[in-house]
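A short worksheet on the structure shown next.
Number of protein chains: 4
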Amino acid sequence: MRIGFIGTGNMGEPMARNLIRAGYTLTVFNRTRERAERLRPDGARIAASPAEAARDAEVAVTMLADDHAVEEVAGAMLSTMQRDCIHMSCSTISVRLAKRLAEMHAAHGQGYVSATVVGRPEAAAARKLWVTAAGPEEQVERCRPIMEAIGRGISIAGTDAWKANLMKIAANFMIVSMLETFGEVFALLRKSGLDQGRFLGIINEVFDSPVYANYGRIVAEEKFEPAGFKLRLGMKDTNLVLASSSDFAVPMPLASLIRDRFLEAIAHGHGELDWAALAKVASLNAAVPPTAL
Amino acid sequence: MRIGFIGTGNMGEPMARNLIRAGYTLTVFNRTRERAERLRPDGARIAASPAEAARDAEVAVTMLADDHAVEEVAGAMLSTMQRDCIHMSCSTISVRLAKRLAEMHAAHGQGYVSATVVGRPEAAAARKLWVTAAGPEEQVERCRPIMEAIGRGISIAGTDAWKANLMKIAANFMIVSMLETFGEVFALLRKSGLDQGRFLGIINEVFDSPVYANYGRIVAEEKFEPAGFKLRLGMKDTNLVLASSSDFAVPMPLASLIRDRFLEAIAHGHGELDWAALAKVASLNAAVPPTAL
Amino acid sequence: MRIGFIGTGNMGEPMARNLIRAGYTLTVFNRTRERAERLRPDGARIAASPAEAARDAEVAVTMLADDHAVEEVAGAMLSTMQRDCIHMSCSTISVRLAKRLAEMHAAHGQGYVSATVVGRPEAAAARKLWVTAAGPEEQVERCRPIMEAIGRGISIAGTDAWKANLMKIAANFMIVSMLETFGEVFALLRKSGLDQGRFLGIINEVFDSPVYANYGRIVAEEKFEPAGFKLRLGMKDTNLVLASSSDFAVPMPLASLIRDRFLEAIAHGHGELDWAALAKVASLNAAVPPTAL
Amino acid sequence: MRIGFIGTGNMGEPMARNLIRAGYTLTVFNRTRERAERLRPDGARIAASPAEAARDAEVAVTMLADDHAVEEVAGAMLSTMQRDCIHMSCSTISVRLAKRLAEMHAAHGQGYVSATVVGRPEAAAARKLWVTAAGPEEQVERCRPIMEAIGRGISIAGTDAWKANLMKIAANFMIVSMLETFGEVFALLRKSGLDQGRFLGIINEVFDSPVYANYGRIVAEEKFEPAGFKLRLGMKDTNLVLASSSDFAVPMPLASLIRDRFLEAIAHGHGELDWAALAKVASLNAAVPPTAL
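Residue numbers (this note's numbering), protein chains in the order written: chain H, 1 to 293; chain Z, 294 to 586; chain Y, 587 to 879; chain C, 880 to 1172.
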């Protein structure tokens, strides 16, 4: 099967590589061309534009930073994508855009599936992403082998594509809430002189979760570089939660609190750090000096 | 070894039973005597007062609701406890009270160990509590077999007893933050028409944590009775976090947010439900009707 | 001087009437034509479109609900407005749109002045609005007599038009913060059985402010209809604050809190009440029944 | 009439001086004796203890920092105060303590009136405090001339003394909410490059309130020394609001937000500044440098 793959950044690159390994023929595009070139040795063809990458594809996969990028790329692909070809969108985008993309592609006789992924770059490389997909059943089924090639499992959110996006946004929010919680707790432990390592020991026993183990260690060690997922993108995702919170008239005070924490982190110049650096804000506010585990 | 055990409520009763099974001789006291009587068939002797329960004990274990109860009981035991006898306090109490108890018992030549437990009544029955202990090393070691008889493992928080309390308070806060997060997310899912069961499937894959699995199910099913841990006690624990936050001058806006959510739940008459009912507040605010999974 | 006046709603109608009284020749347009017709007896000419209302005007005044409406109207006027004619925009719009309008009109050789107003419909009728204006000095001076005809005084925010908008947004935020404060305090007074009227007496002595006197009474009496300024528009204004807060990376937790309160009010069906009904939310959360003064 | 006056600090000293000017015979006590001595030239007798100051008084006035101080002093006065003598408590204390004091004095055949004051030291000196009083009618009437001698007017909160305290606490909360609002707005204005002085001009026109004028200027100029009312005392007052919020089960998220802001200010060493320095926190979080008007 021929796949067009647009967006080979931190996440896209290992995902594309796994698709090649699974036997797919890939034409890739990335705005910064050097990043796309890294996939040439693996056997990818490099396209000069999104439109070109999508031209002969049966499925065009996009893995981009935000609504703006996806909207631009989708617009460019619209006229070159074949009828019956499917746009499989893996990016974390808004519910509104997902709805619009589904309509737009349908109007051109093309398919649209949201196939969001949870996991950091290491998980992408290890084929351990969790995929949450939604869209018309037949289209989702056609994309299923592709999803299987990039992840360790798939959840189906429904037949409306946007539902996968909302579930992804909600799952992200659960992770970032955990980061805020770690931030406040560690500020308290540090200022009162408690041992963070021992506390993490308890947390690992109680929660027994790889997510807590991983982020707990990152926050305790304050190891926010290199960024697996940039803080300013985490802020973007929180704005997506808030947008849905507004659209559905659901007050979400914790999401609001996190928004302001992100703004504080960005105001202090931490936008390019890993989003786990959100936890720094609580220590900043408590005037506790950063400390290693 | 002879143990006095004061407080045989939801948590204390299964803990006491496990101690008897492990071969200890127990004299138990509970304010509502009928609850203590349930342990007679297991072999416990029933005392008429905390002072009597503590009289011949080598270790006096307390498992009570709050600072007030522990302070009252400790005051009553002080004169009857033998020198070198240890007060092993399992209740979730304030850092301030833990400090005071340590001093008070030391002044009477008695020992004091904080041995806080994380886990719900089912976990207590199954000997699966996680114990976080702190106190003078020799005293902690004397209590270790008792802790082993009630839990599946032990963390040592330090040689100052209060450190175990602060770690317990902090661990609790991590759980209640998860409840608030679930509450906001489920309100959003419900109001937008998404499937909660499918979402929990994703969360279980991503977090892979028994705590998320257990509470996620409780919140989705809104099964808040019978209460494993009462909401009004969860509020008390949140006030303990806030007290430490004040004492150490560490702003904790998420803890403050949760305080107000608890107050709202209590204002609406949910104080006797399981503390997971905290998650109801977000749905209440969003005017979404309660729904089953 | 010939003025085109677009938007003769709750605020626009009395403003337009005051302009006619001051001797200006008005051509008015309103989407719901009946509302525009009310000004015919005063001597206004009724236009069939914004483009027509702006055609012969020396100044085109807009007083509309939100960014969307202003952007649409401005687009329509752009080709009919004469060179050197000024668009004087009184609506509460975003900083971003104000910047764009200034550029757009300049590119067509037209002027643009932001002339935001603070005050409710009664104040508009009584010519008691406070005008905050900004834009190129010469243009502001040409509009000054018009501003004088609708208000009791004028502040100049700077030579960049958007600065008037940001000051207006900020001033609005100060009022809505007061509403939230009244809401929380009155919930506490009501639930504890204190006399709201006596409390208002104190507040009036301490603050000695017509704004506190007016809104304090509205909140105490829960007289939220007819709406002087609709709650859903108040929510829009709060979103404008939050947008600027994001753009300038300034955490504003109180603005975030108010956002969620507005969402709760809207979720409970209060969007068409006066925005002072924001204060209801605190009583709702505290489960206190509404009560009169 | 003979008055015992305990607590001649920033507020108490000018209040006591006004009582002497009004013709009362004062015996004063202050923990730091030098502060009491300042009143000797005005004609005050200096007592060596609260008990002595209260011995011959018809009314014993207390003006102290917090619950702890008032409770200690009241305990000391209890045995020396005559039957029928009234304790007139002007301090900002908790509802709980006010209830306890009323009972305690009643049990000794003594009276108790809460006569809280709103205003800063300058207002106290100028006899411009606003007094909110509550207690048994006859006792309040006996104290009325004293209140008239220290303030410009009196509100009666009810016949239960604690109601005056709750009204005072609530009025204080309204002021501190304004400070938080100013803080967030000024952070936004500063970071976006707007003129604070012009903005204050608008605020003064809109609110037309001496409180806004005064604090707006203090916050804009960042003139937080000397402290008219210390930030750490403002934190104490906010804790009183939160205590009542808990007692009556009224969620008050804005009060909670302010609590955390105070903690942040204290963590950064600003506890001894004027409480208006609360507004610094927003600028700190936004990483804007402090700037003068």
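Here a beta-carbon is modelled for each residue, glycine too, at the ideal position from N, C-alpha and C.
Are the C-beta of residue i and some C-beta of chain H separated by less than 8 Å?
i	result
GLU1143 of chain C	yes
HIS1147 of chain C	yes
LEU550 of chain Z	yes
THR318 of chain Z	no
VAL406 of chain Z	no
What three-state label does DSSP hand residue i in the structure shown?
i	result
ARG17 of chain H	helix
ASP567 of chain Z	strand
PHE243 of chain Z	Within the shown structure, residues of chain Z are numbered from 294 to 586, placing residue 243 of chain Z beyond reach of any answer.
GLU525 of chain Z	The sequence shown places Arg at residue 525 of chain Z, not Glu. In the structure shown, ARG525 of chain Z sits in a helix (DSSP, three-state: H, G or I).
GLY158 of chain H	strand
LEU1163 of chain C	helix
ILE339 of chain Z	strand
HIS398 of chain Z	helix
ARG713 of chain Y	coil
MET467 of chain Z	helix
MET88 of chain H	strand
THR594 of chain Y	coil
TYR24 of chain H	coil
ALA953 of chain C	helix
PHE793 of chain Y	helix
ARG152 of chain H	strand
PHE1103 of chain C	coil
THR824 of chain Y	helix
ILE218 of chain H	helix
ILE679 of chain Y	coil
SER258 of chain Z	In this structure chain Z extends from 294 to 586, so residue 258 of chain Z is not present and cannot be described.
Output, in chain order, the set of chain B residues within a Cβ distance shorter than 9 Å of residue i.
i	result
MET252 of chain H	The chain inventory of the structure shown lacks chain B, comprising the protein chains H, Z, Y and C.
Could you confirm whether any beta carbon from chain Y is found closer than 8 Å to the beta carbon of residue i?
i	result
LYS1007 of chain C	no
SER94 of chain H	no
SER245 of chain H	yes
SER49 of chain H	no
GLY1113 of chain C	no
Establish whether the CB of residue i and some CB of chain Z are separated by less than 8 Å.
i	result
ALA1171 of chain C	Summary for ALA1171 of chain C: the model assigns pLDDT 44, below 50, so the residue's position carries little reliability, and this model does not support an answer.
ALA981 of chain C	no
GLY153 of chain H	yes
ALA157 of chain H	yes
LYS99 of chain H	no
THR132 of chain H	yes
Can a CB atom of chain C be found closer than 8 Å to the CB of residue i?
i	result
PHE815 of chain Y	no
ALA542 of chain Z	yes
VAL704 of chain Y	yes
- [ ] Could you tell me whether the region 312 to 332 of chain Z touches the region 380 to 393 of chain Z, where touching means 3 or more Cβ pairs closer than 8 Å?
- [x] no
Open item on the list: Count Cβ pairs between the region 677 to 687 of chain Y and the region 559 to 578 of chain Z that sit closer than 8 Å; are there 3 or more?
Closed with: Using a C-beta cut-off of 8 Å, the region 677 to 687 of chain Y makes no contact with the region 559 to 578 of chain Z, since fewer than three inter-stretch Cβ pairs fall below that distance.
TODO: Below 9 Å between beta carbons is the criterion; list the residues of the region 486 to 517 of chain Z that meet it against any residue of chain H, in chain order.
DONE: GLY486, LEU487, ASP488, ARG491, PHE492, GLY494, ILE495, ILE496, GLU498, VAL499, PHE500, ASP501, SER502, PRO503, VAL504, TYR505
Open item on the list: For the pair the region 1132 to 1148 of chain C and the region 234 to 251 of chain H, tell me if three or more CB-CB distances fall below 8 Å.
Closed with: Verdict: no, contact absent.
Task: Touch test, the region 428 to 445 of chain Z against the region 218 to 238 of chain H, Cβ-Cβ under 8 Å, three pairs minimum - done: no
TODO: Could you tell me whether the region 993 to 1007 of chain C touches the region 1069 to 1076 of chain C, where touching means 3 or more Cβ pairs closer than 8 Å?
DONE: With the cut-off at 8 Å, the region 993 to 1007 of chain C and the region 1069 to 1076 of chain C do not touch.
TODO: Any chance you could list the alpha helix (DSSP H) runs of at least 4 consecutive residues sitting entirely within the region 826 to 853 of chain Y, in chain order?
DONE: 839 to 853
Open item on the list: Along the region 856 to 876 of chain Y, where does the CB come closer than 9 Å to a CB of chain Z? Name the residues.
Closed with: Result list: VAL867, LEU870, ASN871, ALA872, ALA873, VAL874.
TODO: Mind checking the region 1044 to 1069 of chain C against chain Y and listing, in chain order, the residues whose C-beta falls within less than 7 Å of any C-beta there?
DONE: LEU1045, MET1046, ALA1049, ALA1050, PHE1052, MET1053, SER1056, GLU1059, THR1060, GLU1063, VAL1064, ALA1066, LEU1067, LEU1068
Open item on the list: Quick check: the region 1051 to 1059 of chain C against the region 1012 to 1020 of chain C, are at least 3 beta-carbon pairs closer than 8 Å?
Closed with: no
- [ ] Would you check if there are 3 or more beta carbon pairs closer than 8 Å linking the region 1 to 14 of chain H to the region 50 to 62 of chain H?
- [x] yes
Open item on the list: Counting beta carbon pairs with one atom in the region 602 to 619 of chain Y and one in the region 630 to 639 of chain Y, are three or more of them shorter than 8 Å?
Closed with: yes
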